[in-house]
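Residue 125 in the working numbering sits at position 125 of the sequence shown; the count goes up by one each step and never skips. For each residue, glycine too, the CB sits at the ideal point set by N, CA and C. The structure presented is a predicted model; accordingly, all values stated were derived computationally and were not measured.
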Amino acid sequence: MRVNDNRPLVLIVEDEPALQTLLSYNLEADGYRTAEAGDGVEGLALVSKLKPDLVVLDWMLPGMPGIDVCREIRRRPQAKDTPVLMLTARAEEADKVRGLNVGADDYLTKPFSLPELLARIRALLRRAPPQSQKGMLEFADVAMDLAERRVTRAGKGIHLGPTEFRLLQFFLQSPGTVFSREELLLSVWGADIHVEARTVDVHIRRLRLALNGDAEALPDLIRTVRAAGYSLAQE
1 MRVNDNRPLV LIVEDEPALQ TLLSYNLEAD GYRTAEAGDG VEGLALVSKL KPDLVVLDWM
61 LPGMPGIDVC REIRRRPQAK DTPVLMLTAR AEEADKVRGL NVGADDYLTK PFSLPELLAR
121 IRALLRRAPP QSQKGMLEFA DVAMDLAERR VTRAGKGIHL GPTEFRLLQF FLQSPGTVFS
181 REELLLSVWG ADIHVEARTV DVHIRRLRLA LNGDAEALPD LIRTVRAAGY SLAQE
């Protein structure tokens, strides 16, 4: 593992030494501090120790696959809001959806261009909420504390990944408004990051599961409007 002096901190979890060096060199040239890990176990240890601003995570890692590393990152309270950009040679849509389902914020298929990688990283870091952001957002029995980045429903704490948190925050700011997938992509993901409309469906499903849990008595607050999009609404 090597740590370089600059900021913000990007943790590169990649087992190919040549690619690891290439990513580190270009990230440092773009103004970042970097740390490197060659396998998933070391990567998880550095997530806890260094608290990086962003993790670049390879899918195919020795010992512990990147998808399991991502899942574990999302389970850890101190790391659950850390943006994760997953790198993979898997181009199939099912694999991309699987990566998003376990908590990855973005997905880049190898081979990729370095300018695109750097643009994705800048976009992910810009979407991270400022620490000074404060206030409460409420709708029905859902409450969001922006300062503590905490969400409750009916008084019970809910764990959300960073993308689901931003998505719910956007809905809470305009309850009852129907947003198309394209509007959600632009507002939550940003204009300079290229993801497919299917990505919205994946994160909506994850948000629903987090809000509703396994309690069928709780009404579904995420309304699907056929041929139009989604809204936060009560039936």
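| query | Who does M86 pair with in a DSSP beta bridge? | reply | L57 and Y107
| request: Can you grab the Cα-Cα spacing for the pair E16 / L87, in whole Å? | output: 12 Å
| task | Tell me whether P130 sits in a helix, a strand or coil according to DSSP, three-state version. | result | Low per-residue confidence applies at P130: pLDDT is 49, beneath 50, and the placement is therefore not dependable, though the value from the model is reported in the following sentence. Coil.
| field | Boundaries (first-last residue) of the alpha helix (DSSP H) holding R226 | value | Per DSSP, R226 belongs to no alpha helix (DSSP H) and is neither H nor E.
| request: Under the assumption that M144 contacts L168 (Cβ atoms under 8 Å), give the Cβ distance between them as a whole number of angstroms. | output: 7 Å
| Is G157 near R150, with beta carbons less than 8 Å apart? | yes
| request: Compare the beta carbon distance of L232 and F112 with 8 Å and say whether it is the shorter of the two. | output: no
| Identity of the residue in A35, E42, L19 and G103 nearest P8 by Cα | A35
| message | Could you pull the DSSP bridge partners for V9 from this structure? | response | The amino acid occupying residue 9 in the given sequence is Leu; Val does not appear at that position. For L9, which the question treats as bridged, DSSP gives the partners R33.
| said: At the level of alpha carbons, what is the spacing between L85 and D58? | reply: 9 Å
| V178 by DSSP, collapsed to three states: which one? | coil
| task | May I ask which residues mark the beginning and end of the alpha helix (DSSP H) holding E164? | result | P162 to Q173
| request: Can you grab the Cα-Cα spacing for the pair L54 / R75, in whole Å? | output: 16 Å
| query | Is it the case that the Cβ atoms of Q78 and S48 are separated by a distance below 8 Å? | reply | yes
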